[in-house]
Structures are given as structure tokens and as C-alpha cells.
Amino acid sequence: MTTRPPAAQAIKQLKRSDLVAQEVKRLITQKNLSPGDRLPREGELQEQFQVSKGTIREALKSLEVQGLVTISTGPSGGGTIVEVPLERTLQFMQNYLFFQEVTIDDIYTVRQMLEPELAAGAVPHLTEADFEALEHSISCCDPTQSREDLVTQRREDVNFHDILAAANPNPFLRFSCELINEMIRQLIVFGNRTPQAEHRRFGEANAQFHRDIVQAARARDAEAVRALMAQHMRDAASSVKRMKGRLQGRLILDADALRRPRAAPKAASAPARRTRKPAADTGGAA
């Protein structure tokens, strides 16, 4: 008769460097350190945690891989706190979802739940600079005004939503929507056979929704913004399906290969984003 091992034995023991990495995270919290602040030197961390230099370096390397610190070498080297970039978070999310059957319908189902609340919550906090950024975004994504190519126009559609996200004070809701926006920007493509006229109709519809949302937001009518955004999300999901939008195969593990820098919007408050541009397909969706 076989017996199960004790629960304590069944739990995987963390390496010493992993335990030190956890303690460094706790140290960051206790000292209320922010991006740009430096961690104690390696020698100080060695003395504090009573471990070898190799263990400290392995712990710092783990935190660097997680995107929490950058490491510099030399006499004044060590770890510096950094803010985890959205792209790094997306890569971790893609790793998690790699073996899941994620569809565009899944993404837009969640988006339809979150975006109306995000936009409505942003309304009281939008500044004149935010409105200028939103209007600039509309001019860039509207096919009747913009001279940009269709790929750039579709991605500018998503930037509009990022500007609203930046104004929402709920950090978890903001993060969730920005993450979805980044997935849409990077991973949704349309085949080359999608007629340009269809893209143009899609862009014109998006631009009109965005104008209506900005008008309601300027009137500080959060309920109208919520209703308009809900309608916009339903229309976008329907349009993407009609245009046979798809994810690029399975979710790509290393999206860095697709990253192309994009100039920041003119308005100061518009968040700068980096975009990916697939070689063969038209990418991005509102």
C-alpha cells in the first residue's frame, strides 16, 4: 500500500536566490522605493541576507528578467528599480495563453465588458490636453482626413482607447484595458484580401464613434459615454468578424520580433505606444 508524501515534502522548495528575490521585493515595498531608485549595493545585500555574491547576483538577474530592475556593472553598479513595461507584461501573458485556445471573440467579449466602464470612469478626469490628444487621434485614424496608411489608421484607433485609459484612476481596470489594447494592436491581423473599401468603412465608423464619445465626454456625461462605448465595442467586434480578422497563428511567444517604433502623438498627454507591423497582413483593430 502506497502512502502519500507529507504535504511539506510535496511543496516544491524555492531556491535560495528565489527567496532572496522575494525578500528584495519586500524591501522595495517596505522602503517605498519607486522607479529610478537604487537598491542597496551587492555587498550590503550580501550582508543583510547572509548569502553569497553569486546568490545575490542570481536573485537580481531574476528580478531583471521579471522587468522590475535593471542591473549595471562597475564600481557604482547594482540594481535600479524600473516600472514593468506593458510589452513585457504582454509577453508573460502570451506565454500563459500560448497553449490556450484564445479567439478574437474571447478578446472582444472581455473588451465589451470593460471598455464602457473604463471610458465612463475617465470622464471626470479628462483635461483639455487629453481632449486635444483624443481629437488628434481621431484626425489620424479617420480615412476622410488622414494621409496615413490603413495599418497606421487602424492602430491609431486603439491609441484613442489608450488615452482614455490613461485618464481613468482605477489602476487595475486601466491595466486590463491597456493589455487588451496591446494584444489587439500587436496580434490581430486581416488578410490581404480584405478590400480597402471595407477598411475605409470600418475606419469611418470608428472615427464617428470616437467623435461622439469625445462630445459626450466634453459635456461630462459619463452615462452617454458608457452607452456610446458599449455600442462602439459591439460594432467593432461585428466588423472585425465580418472582415475575417484573426490572431497571428498561435499567440506569439516573443512579440519583440514584430515591434516597430511609432512616433508619439503630438499632444503631450497622449501615451506613447510601440506598435508591431506584420509583414504580410494588415494589422490592428479598434
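Under my numbering, the residue at position 86 of the sequence shown is numbered 80, and the numbers go up by one with no gaps. The C-beta atom is built at its ideal place from N, Cα and C for all residues, glycine as well.
In the structure shown, the three-state DSSP call for Ser66 is strand. Contact between Leu108 and Leu27 does not hold, since the beta-carbon distance rounds to 30 Å and is not under 8 Å. The region 113 to 129 makes no contact with the region 78 to 90, as fewer than three CB pairs between them are under 8 Å.
Along the length of the region 141 to 212, whole beta strand (DSSP E) runs at least 3 residues long occupy 182 to 184, reported in chain order.
Gly72 is bridged by DSSP to Ser66. Minimum Cα-Cα distance from Ser56 among the listed residues Ala221, Val117, Glu129 and Asp12 corresponds to Asp12. In this structure, the straight-line span from the alpha carbon of Glu217 to that of Ala116 is close to 12 Å.
Taking the Cα positions, Val14 is about 15 Å away from Val59. Per DSSP, reduced to three states, the secondary structure at Arg105 is helical.
Taking Met223 as reference, the option from Glu36, Ala159, Leu80 and Glu192 with the minimal CA-CA separation is Ala159.
Annotation: the continuous alpha helix (DSSP H) that includes Glu58 extends over Lys47 to Val59.
Look at Arg220 here: in three-state DSSP terms it is helix.
The beta carbons of Ile75 and Asp31 sit about 5 Å from each other, so the pair counts as a contact at 8 Å. According to DSSP, residue pairing for Arg32 in a beta bridge involves Thr74.
Rounded to the nearest whole angstrom, the C-alpha separation of Arg236 and His226 is 15 Å. Out of Arg10, Ile22, Glu192 and Gln106, the CA that lies nearest to the CA of Glu77 is found in Ile22. When DSSP states are grouped into helix, strand and coil, Leu8 belongs to the coil group. Around the C-beta of Leu8, fewer than 16 other C-beta atoms lie within 10 Å, and the residue is accordingly described as exposed. Its chain contains Gln106 as the residues whose beta carbon lies nearer than 7 Å to that of Arg228, once the 5 sequence neighbours on both sides are disregarded; these appear in chain order.
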